[in-house]
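This report refers to the structure that appears directly beneath it.
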C-alpha cells in the first residue's frame, strides 16, 4: 500500500466511528475474479483482470487444502515477463500413474514425495494456450523436460478441470489475452 493510501486510510479511520472492513485475502480476490470471469460478459467492453502472483499462490494453497488433488501437496508459481512461469510442486509420486515404459521406470526410482521444479513459458495463439516446459528437476537433479511434462500432463488430465496444459487447450471464459509481468498476470476478455 502506498504512503498516500496509508495516510488517507488513517484519516478516514479517525474521521469515521465505524471500523474499516477487514482486508480481503488473496484467495478471496482470485475467487472473486474467477466468479466474474465465469459470469456472462456484461457488455462488449474489454474486461481486464490483474491477478497478483502472491494472491494466485494463496488461492492455489487454499484449493489444495480444501480438496485432495491427485498427488499434489503444494504448488508455488513464479511469474515473469514474456509468459515465463516457473513452478515448484511437491508431488506424491505414488499417486501418479504413468503409462509410458520409460516414464514408468523413472517412477520406480522416484517414489514417495518429490519436489519438482519446472521452468517454461505460456504460449498463446488466438483463443488457445499451452505450457512449454523448458527445463525441470526432481529434488535438485536435472531431468529431461519430456519426462517432467509426462508428470504435469498426468496430474492435469486426472483432476479438475481435467486439462493437460502441456498440450494446446482452449482458454476458458472468452479470455482473449494473457500478459505476464514480474509479479502478476493480466487477463483480458
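In my numbering, the protein residues as written are 1 to 189. Idealized CB from N, CA, C, for every residue including glycine.
query                                                                                                                   : result
Local Cβ density within 10 Å of residue 116, reported as buried at 16 or more and exposed below that                    : buried
Cβ neighbours of residue 166 in the same chain (closer than 7 Å, five flanking residues each side left out)             : 130, 131, 133, 149, 152, 153
Residue environment, residue 4, which counts as buried when at least 16 other CB atoms sit within 10 Å                  : Residue placement at residue 4 is flagged as unreliable, the pLDDT there being 45, under the threshold of 50; a coordinate-derived value is accordingly withheld.
Distance, residue 44 Cα to residue 60 Cα                                                                                : 30 Å
Rounded C-alpha distance that separates residue 179 from residue 83                                                     : 7 Å
Counted within 10 angstroms of its Cβ, other Cβ atoms place residue 50 as buried (16 or more) or exposed                : exposed
Rounded Cβ spacing between residue 72 and residue 54 (contact assumed at less than 8 Å)                                 : About 19 Å separates the two Cβ atoms, so there is no contact after all.
Residue interval of the beta strand (DSSP E) (run including residue 90)                                                 : 84 to 92
Helix, strand or coil at residue 97 [DSSP, three-state]                                                                 : coil
Within the segment 132 to 166, ranges of the alpha helix (DSSP H) (whole runs, at least 4 residues)                     : 145 to 157
Identity of the residue in 31, 189, 28, 128 nearest residue 164 by Cα                                                   : 128
Residue environment, residue 170, which counts as buried when at least 16 other CB atoms sit within 10 Å                : exposed
Nonlocal neighbours in the same chain, by C-beta distance under 7 Å from residue 10, ignoring five residues either side : Because the pLDDT of residue 10 is 47, which lies under 50, any placement of that residue in the model is unreliable, and the number read from its coordinates should be weighed accordingly. Same-chain partners within the cutoff: there are none.
Rounded separation between residue 223 and residue 184 - CA only                                                        : The requested residue 223 is not part of the displayed model; the chain covers only 1 to 189.
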